[in-house]
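Have a look at the structure below before the remarks.
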Amino acid sequence: MSNDTLQPTANQAVIAASPGAAGAPPQEAAHGHPHRGSILATLIFGAFVAILNQTLLNVALPHLMSAFNVNATTAQWLSTAYMLTNGVLIPITAFLMGTFTTRQLFISAMSLFVAGSFLCSIAPVFSMMIIGRIVQASGSAVMMPLLMTVILELYPAEQRGKAMGTMAIAMFFAPAIGPTLSGWMIMHWSWRLLFWVIIPLGLLDMIIAIFVLKNVSKPVRPKFEGIGLITSLIAFVSLLYGLSEAGNKGWGNSTVDVSLIIGGVFLVIFVIRELTCKDPMLDLRVFRYGTFSLTTIVGCVINMAMFGGMILTPIYLQNIRGFTALQSGLLMLPGAILMGVMAPVSGAVFDRIGARPLAVLGLAITTVATYEFTKLNAQTTYGHVMLLYTLRMFGMSMLAMTVQTAGMNQLPRHLYRHGTSASNTARTVASSIGTAVLVTVMTDRTKVHYAEYQNVMTNNNPSVSGFFHELVQYFTLQLHDSTVAATQLAHEVLYELAMQQSTIQGINDAFWWATMGSLLAFVLAFFIRRVKAPEAAQAVAGAGGGSTEAGAKGAQSLPDAVRQQEAEAVDAVGENNLSVEDTEVSTQEEDGSTPHEEGDLTEGDPASPLDGDIPEDEFDDIDSHPDVEREPEPVQ
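Structure below.
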């Protein structure tokens, strides 16, 4: 390989791949290929069905606790097991996206999701519900990384915010109607209907995918990394089990401690393995990109606070305040609708000004709203809780997709599937941990507060004694019964009030943790930088007339000596230099192509985003954006 093939400047590559030089039709450059709308619609509908399923279950959680006779910590495993399975399996989606076509992967995933929904709908015992949720998650784990990778492939960087925002409309419409629909169905029918609604929607999307969905990229056939999968499975399951059991058994319990230690050890082994093996299941070197790493951390904190709050709020409304499931769902409806409406607006603003202003403002609003949830009591009005929840969702609407898109925009194309998998893995596991931690905090602190109330009641506190005697007198007059019966009833009421107040204080304590997490994310948001996607590297590959995907495959197989040679060549480029990763994309493997299926969007298709002739508007020269800060390249 000669250095001449490694040294074209970014400007030369842009000129070589421009429509004028390559003959790309102007309308394609302006509007993209005609298939991307139907592709995104199909994938978004699948994500919508999966998210709708999750939000339907959140409101129904108290009813399932009663139906299966389990406590809150056990019942929340229906959500935690789902998210944990996602977190365990999402790392393998990078391998799956490299092995199978878009059509094969999506249709198989939706089939698993529908099968899991069927198991849940007929589950006679709680354990079968858990199995059904795991099967559901095995399918849904693929959907979000696949959808995000497709957006990265089909849309140029300057249009991704708007595209992500459009995707978010469907994503947030599901939470908007899910709680209300769930509450209405539970009020009039069985909770099993929640899953019977999902099954036909999943089948419909599968049929649409068979006729409409196109393949976006060629499979590159990476090697399967079994050790990475096993270590990640043990690590994440052990960690979450330990966190969940801490609520029932206490933080010093031996089972909890052993689980957390095992999880921590295997997590370290997983990270070391993926960083050192030749063909990692999940290429963790994406975290060498500063903005990507920072936005992933911020996103994890956001998800921990958001999903934990979505579990705590229905428990407060239904178990403590006595609102129906329908009333609980209606309370969350305005916030979810506002979040869905604001998402595309935030995406369009992101395309113009970047993520930092939106993240700072959104997290400021989210932190204040979350803090207000620490003041809940037995007299808090329905309207006040609705206002707080809506305000919190308004702040979240500025963060949900913009922060993640900012990190993805920094990655070169051959790391797209690893970046989406890594980011979604971190966020999904963070959601599971956040839910487990906040529910654990609520359960643990409720026990502490209840013990304090018991101590006060048994020590003849004057105020408690006075209230108790008033209750005895009241029940004696009302029941026209003996003082003994009235005294027993007064004891029951007193302890019930103590438990209610203890639970409210436990929920408030959990929201304190969520507030601290939001505040941490708010501080980190100031460090988010606006970086330009390495589009010039794609232009280099386009100028060479080869497939970027094939180039990525070739780049991943380069020996270290050649990588060093590339790095030296890139250093010589000067002011318009590319990163080593970007230059690798331009390297083509001599025999790395794979036959594609009918309907693939691959080389030779005039509508393909993988053609060598890349439209000019898909990669603006970075120097034409003077307001963009240059991100230091990761060290090899």
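Take 1 as the starting number for the sequence shown in our numbering and just add one per residue. Glycine residues also receive a C-beta, built at the ideal position from the N, C-alpha and C atoms.
Cβ-based burial, residue i [other Cβ within 10 Å; buried from 16]
i: H449; result: buried
i: W191; result: buried
i: N69; result: exposed
i: R36; result: buried
i: Q473; result: exposed
i: A235; result: buried
i: H414; result: buried
i: T483; result: exposed
i: R392; result: buried
i: Q478; result: exposed
i: L89; result: buried
i: G228; result: buried
i: S79; result: buried
i: D279; result: exposed
i: N71; result: exposed
i: W513; result: buried
i: F350; result: buried
i: L275; result: exposed
i: S259; result: buried
i: S608; result: Per-residue confidence for S608 stands at a pLDDT of 38, beneath the threshold of 50, marking its modelled position as unreliable; no derived number is given.
Euclidean distance between Cα positions of residue i and residue j
i: F45; j: D205; result: 7 Å
i: I151; j: L358; result: 21 Å
i: M148; j: Q500; result: 43 Å
i: R352; j: L338; result: 22 Å
i: T405; j: G116; result: 31 Å
i: L471; j: Y495; result: 12 Å
i: R427; j: G383; result: 31 Å
i: I92; j: S421; result: 8 Å
i: I272; j: R285; result: 11 Å
i: A168; j: L376; result: 30 Å
i: F195; j: I208; result: 20 Å
i: G506; j: F95; result: 42 Å
i: T74; j: P412; result: 42 Å
i: C300; j: G362; result: 15 Å
i: G252; j: L203; result: 47 Å
i: V573; j: Q410; result: In this predicted model, V573 has a pLDDT of only 36, less than 50, meaning its place in the structure is not dependable enough to derive any value.
i: G161; j: N215; result: 23 Å
i: A136; j: V114; result: The sequence shown places Gln at residue 136, rather than the Ala named in the question. Going from the Cα of Q136 to the Cα of V114 covers about 7 Å.
i: K553; j: N508; result: Confidence in K553 is poor, its pLDDT being 41 and thus under 50, which makes the residue's placement unreliable; the coordinate value appears in the next sentence. Computed Cα separation, rounded: 51 Å.
i: D600; j: V49; result: Note that D600 has pLDDT 47, beneath the 50 cutoff, so the model's placement of it is unreliable and the number below is only indicative. So the alpha carbons of these two residues sit roughly 25 Å apart.
i: I186; j: M128; result: 20 Å
i: P222; j: T99; result: 6 Å
i: A451; j: V441; result: 15 Å
i: A490; j: A343; result: 52 Å
i: T255; j: I262; result: 11 Å
Residue nearest to residue i in terms of C-alpha spacing, selected from the options
i: Q454; options: Y416, Q410, I433 and S502; result: S502
i: A336; options: E158, A47, T55 and L40; result: T55
i: T381; options: M97, F224, G322 and W512; result: G322
i: I315; options: L61, T515 and F522; result: L61
i: F106; options: A355, F522, I210 and T440; result: I210
i: A348; options: Y416, M164, Y389 and R288; result: M164
i: L112; options: A436, A141, V439 and T374; result: A141
i: P145; options: W512, H469, T425 and A525; result: T425
i: L121; options: A72, Q104 and N53; result: In the sequence as displayed, the identity of residue 121 is Ser instead of Leu. If we check each option's Cα against that of S121, N53 comes out closest.
i: V360; options: L520, L84 and I199; result: L520
i: G309; options: G132, M332, V265 and T324; result: M332
Bounding residues of the alpha helix (DSSP H) (the contiguous stretch that carries residue i)
i: F126; result: F126 to S140
i: V70; result: Looking at the DSSP string, V70 is not in any alpha helix (DSSP H), and its letter there is neither H nor E.
i: C120; result: T102 to S121
i: F266; result: S254 to T276
i: Q76; result: No alpha helix (DSSP H) contains Q76, which DSSP labels as neither H nor E.
i: F511; result: T483 to A525
i: T144; result: Note that residue 144 is Met in the sequence shown, not Thr. From DSSP, the alpha helix (DSSP H) with M144 extends over M143 to L154.
i: R392; result: Y382 to S397
i: T402; result: T402 to M408
i: A378; result: Element bounds for A378: n/a, residue is neither H nor E.
i: I528; result: No alpha helix (DSSP H) holds I528; DSSP gives it neither H nor E.
i: P357; result: R356 to E372
Residue i: CB within 7 Å of a non-hydrogen atom of the ligand ATP
i: F126; result: Of ligands this structure carries none, so the ligand ATP is not represented either.
Whole alpha helix (DSSP H) runs in the segment 169-235 with 4 or more residues, listed along the chain?
-> 193-212
In chain order, which continuous runs of the alpha helix (DSSP H) of length 4 or greater are located wholly inside the segment 285-317?
-> 290-314
Go through the segment 326-354 residue by residue and report every complete run of the beta strand (DSSP E) that reaches 3 residues or more, in order.
-> none
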